[in-house]
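Enquirer: Got a structure for you, questions after.
There are 2 protein chains.
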Amino acid sequence: MRDFSRDHAWLSINTATIRKQGDLLQISEACARHGIRAISPWRDQVAAVGLQATKAAVRRHGFKLSGYCRGGMFPADASRRQEARDDNRRAVDEAAALEAACLVLVVGGLPQYSRPGSAVSLDMALARTQVEDGIGELLDYAKSAGMPLAIEPLHPMYAADRACVNTLGQALDICDRLDPARTGALGVALDVYHVWWDPELHAGIRRAGLARLLAFHVCDWLVPTRDLLLDRGMMGDGVIEISKIRQAVEAEGFAGFSEVEIFSEADWWTRPMDEVLTTCIARHRSAV
Amino acid sequence: MRDFSRDHAWLSINTATIRKQGDLLQISEACARHGIRAISPWRDQVAAVGLQATKAAVRRHGFKLSGYCRGGMFPADASRRQEARDDNRRAVDEAAALEAACLVLVVGGLPQYSRPGSAVSLDMALARTQVEDGIGELLDYAKSAGMPLAIEPLHPMYAADRACVNTLGQALDICDRLDPARTGALGVALDVYHVWWDPELHAGIRRAGLARLLAFHVCDWLVPTRDLLLDRGMMGDGVIEISKIRQAVEAEGFAGFSEVEIFSEADWWTRPMDEVLTTCIARHRSAV
């Protein structure tokens, strides 16, 4: 396993981690100031400052993009299906323009949450079929753009409203059906927050192998967790054995960035940007 | 599938559903008044009025007990292991005294949460081993008391602090190792709240079969869910396809009670007991 204790060469900052403290250009300046080599921006943050300005900042600071957040939200009724398709193709285009390592897919839950305005449905099996169909269709487009797609299995507590792909095994089943040759065009974004609880996690990581491990995200699970979405913890403040998971991922040959992604309304989003980044760096060294 | 639309003969009330509105004797009176035939009480509620008084109330009203809540919390450090063992044996004794259909096991998470005072550990694999060892040991005692043990897989959001058995498949693996002959002494309590999201749910129900399906619990998953523990919804108010799950359970031959278990601090716990029970009955007919 790589030694992270001496530097933060393999730290990436998911820019949602400090989204309340500044715009993407200010976040980029701060990351550069702290010697951070990689970021992973969100589409709304890019849109707010413009794709060209983002591209210029990425080039100026020499950033790598460990990923681009995010495509997905595939379940939709007929009235919203074209919107979902177009939106995802634009996400691929933006990711390609920024030379991201992959486009992260949060696949969506039931259609009324995934694409608001869609008719209400409680049919999870149908939502899952629509997800797989949507990824299959997008994959052709993404291949032509040379942009790998990373399915992010989300914690089961988000099954209804954010993603009906809820385990690594389920994500890998989709990968195997749509990309049986393991070409590198389709894989997973493994976020410890979503998968740490899974008794099949380590078997899943071995099954994934290097070809499917496109991104590795870290944060921590707090006890108690006070909000289902916005109470993620800083690495080391919760119960996840992060380094044991990183060890398993690296045993498969993964040698990419460790991307910090923390949504924390009551804590980290209220602190100064520099304090958050300083803490991310320290915890990257001690707790990842 | 049984027709629940005409009566509520197969409705059971888990007494936590109205725990804030009265003690167990008052709850029993109310259930009897509404023609409810079965309840499932919690140990602290029994302790508050006394086991003998509970027994007398159960006899007076002719209640069946669809289950008894709850044993478990197995992970513990050495200093708390005897406490865990003794506590679980008392739970079996109480369940037997009340002639419950099964003792429900919420198995516990990490030892510091499962048995407070235990040394801090983040080792989920170890906690899972302790759970299996604990169930194995308790099973011998429960068999001699004629009390079936029902492992309740809990939603993954409770993995750290309440139960590190988080999928039906994982629970069935334990059952198969400890009771390979499927004697009826060990099975699962299937609560739709905990398992509805699982893409392997229906395969798991088929695998469980009648021998392992000891209890069936219902409520609903609300979107948004405002609290990880205390924001369960009334059947029909959320996104779970409850009747589809009941259909699968009954296809295996399950013909027991449908037990309503709702923890709802901001809503159902604030309403009058009779209103909650009237609603449970109506939704049992229309949404289960």
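Protein chains in written order, with the UniProt record's numbering: chain A, 1 to 288; chain B, 1 to 288. By construction, the Cβ of each residue, glycine as well, lies at the ideal position given by its N, Cα and C atoms. Here the structure is a predicted model, which is why all the values come from computation and not from measurement.
Report all residues from its chain with a CB closer than 6 Å to the CB of residue 237(A); omit the five preceding and five following residues, and keep chain order.
Expert: These residues qualify, in order along the chain: 220.
Enquirer: Report the residue ranges of all beta strand (DSSP E) runs contained in full by the region 37 to 85 of chain B; include only those spanning at least 3 residues, in chain order.
Expert: 38 to 40, 68 to 72, all fully within the region 37 to 85 of chain B.
Enquirer: Work out the CA separation of residue 185(A) and residue 312(A) for me, nearest whole Å.
Expert: The shown model of chain A, from 1 to 288, leaves out residue 312(A), and the question about it has no answer.
Enquirer: Could you name the residues of the same chain whose beta carbon sits closer than 6 Å to that of residue 300(B), not counting the 5 residues immediately before and after it, in chain order?
Expert: Lying outside 1 to 288, the shown extent of chain B, residue 300(B) is not represented and no answer is given.
Enquirer: Would you call the region 158 to 177 of chain A in contact with the region 128 to 135 of chain A, where contact means no fewer than 3 C-beta pairs closer than 8 Å?
Expert: Judged by Cβ distances under 8 Å, the region 158 to 177 of chain A makes contact with the region 128 to 135 of chain A, as three or more pairs qualify.
Enquirer: What first and last residue would you give for the alpha helix (DSSP H) that runs through residue 169(B)?
Expert: 168 to 178 is the extent of the alpha helix (DSSP H) around residue 169(B).
Enquirer: Quick one: what's got a C-beta closer than 7 Å to residue 210(A)'s C-beta in the same chain, skipping five residues either side?
Expert: If we look at residue 210(A) and ignore the five residues flanking it on each side, its Cβ neighbours are 252, 253, 254.
Enquirer: Can you check whether the C-beta of residue 203(B) is within less than 8 Å of a C-beta belonging to chain A?
Expert: Closer than 8 Å: no.
Enquirer: Are the region 110 to 117 of chain B and the region 46 to 65 of chain B touching by the rule of at least three beta carbon pairs closer than 8 Å?
Expert: Because the criterion of three Cβ pairs below 8 Å is not met, the region 110 to 117 of chain B and the region 46 to 65 of chain B do not touch.
Enquirer: Which of the residues in the region 123 to 139 of chain A, read from start to end, lie with their CB under 9 Å from any CB of chain B?
Expert: Those would be 123, 124, 125, 128, in chain order.
Enquirer: Leaving out five residues on either side along the sequence, give the residues of the same chain with a beta carbon under 8 Å from the beta carbon of residue 164(A).
Expert: Only 75, 107, 108, 109, 110, 124, 127, 128, 131 meet the Cβ criterion.
Enquirer: Does residue 106(A) have its Cβ less than 8 Å from a Cβ in chain B?
Expert: False, the Cβ-Cβ gap to chain B never drops below 8 Å.
Enquirer: Whose C-beta lies closer than 7 Å to the C-beta of residue 279(A) among residues of the same chain, with five residues either side of it excluded?
Expert: So the list reads 234, once near-sequence residues are dropped.
Enquirer: Does the beta-carbon distance from residue 104(A) to residue 141(A) come in below 8 Å?
Expert: Not in contact: residue 104(A) and residue 141(A) (Cβ atoms no closer than 8 Å).
Enquirer: Which value, in whole angstroms, describes the spacing of the CA atoms of residue 282(B) and residue 202(B)?
Expert: About 26 Å.
Enquirer: Whose CA, out of 166(A), 200(A), 215(A), 207(A), lies closest to the CA of residue 188(A)?
Expert: It is 215(A).
Enquirer: Going by C-alpha distance, which of 156(A), 148(A), 166(A), 199(A) is nearest residue 182(A)?
Expert: Taking only the C-alpha atoms, the option nearest residue 182(A) is 148(A).
Enquirer: Within 8 Å of any Cβ in chain B, is that where the Cβ of residue 14(A) sits?
Expert: No, no contact with chain B.
Enquirer: Excluding the five sequence neighbours on either side, which residues of its own chain have a C-beta within less than 7 Å of the C-beta of residue 32(A), listed in chain order?
Expert: Correct list, in chain order: 61.
Enquirer: What is the rounded straight-line gap between the Cα of residue 144(B) and the Cα of residue 153(A)?
Expert: Those two C-alpha atoms are separated by around 44 Å.
Enquirer: Scan the region 226 to 252 of chain B for residues whose Cβ lies nearer than 7 Å to a Cβ of chain A and list them as they occur along the chain.
Expert: So the close ones are 228, 239, 241.
Enquirer: Check the Cβ of residue 110(B) against every Cβ in chain A and list those closer than 9 Å, keeping chain order.
Expert: Those are 223, 239, listed as they occur along chain A.
Enquirer: Mind checking residue 266(A): buried by the 16 CB within 10 Å criterion, or exposed?
Expert: By the neighbour-count rule (16 or more Cβ atoms within 10 Å), residue 266(A) is not buried but exposed.
Enquirer: By the 10 Å Cβ neighbour count, where 16 or more other Cβ atoms means buried, how is residue 72(A) classified, buried or exposed?
Expert: Buried is the call here.
Enquirer: Identify the continuous beta strand (DSSP E) that holds residue 259(B) and give its terminal residues.
Expert: 258 to 260 is the extent of the beta strand (DSSP E) around residue 259(B).
Enquirer: When the Cα atoms are used, what is the spatial distance from residue 24(B) to residue 15(B)?
Expert: When rounded, the distance between both Cα atoms is 7 Å.
Enquirer: What whole-angstrom Cβ distance do residue 273(B) and residue 18(B) have, given they're in contact under 8 Å?
Expert: Between residue 18(B) and residue 273(B) the Cβ distance is about 5 Å, and since that is below 8 Å, they are a contact.
Enquirer: Considering Cα atoms alone, identify which of 28(B), 85(B), 79(B), 49(B) is closest to residue 59(B).
Expert: Measuring from the Cα of residue 59(B), the nearest candidate turns out to be 28(B).
Enquirer: Name, please, each residue of chain A whose Cβ falls closer than 9 Å to the Cβ of residue 155(B).
Expert: In chain order: 156, 157.
Enquirer: What residues in the region 68 to 93 of chain A bring their beta carbon closer than 8 Å to a beta carbon of chain B?
Expert: Those would be none; no residue qualifies.
Enquirer: Between the Cα of residue 225(B) and the Cα atoms of 250(B), 193(B), 247(B), which residue gives the shortest distance?
Expert: Among 250(B), 193(B), 247(B), the Cα nearest to that of residue 225(B) is on 193(B).
Enquirer: At a Cβ cut of 7 Å, what residues of the region 158 to 175 of chain B count as close to chain A, listed as they run along the chain?
Expert: Per Cβ criterion, the list reads 159, 160, 161, 166, 170.
Enquirer: Can you find a C-beta in chain A that's less than 8 Å from the C-beta of residue 116(B)?
Expert: Chain A, which has no Cβ nearer than 8 Å to the Cβ of residue 116(B), makes this no.
Enquirer: So, with DSSP's three-state summary, where would you put residue 155(B)?
Expert: Here residue 155(B) sits in coil by DSSP.
Enquirer: Report yes if the CB atom of residue 243(B) is closer than 8 Å to the CB atom of residue 195(B), and no otherwise.
Expert: Going by C-beta atoms, residue 243(B) is not nearer than 8 Å to residue 195(B).
Enquirer: Taking the alpha-carbon positions, what's the residue 112(B) to residue 56(B) distance?
Expert: Going by the C-alpha atoms only, they are around 37 Å apart.
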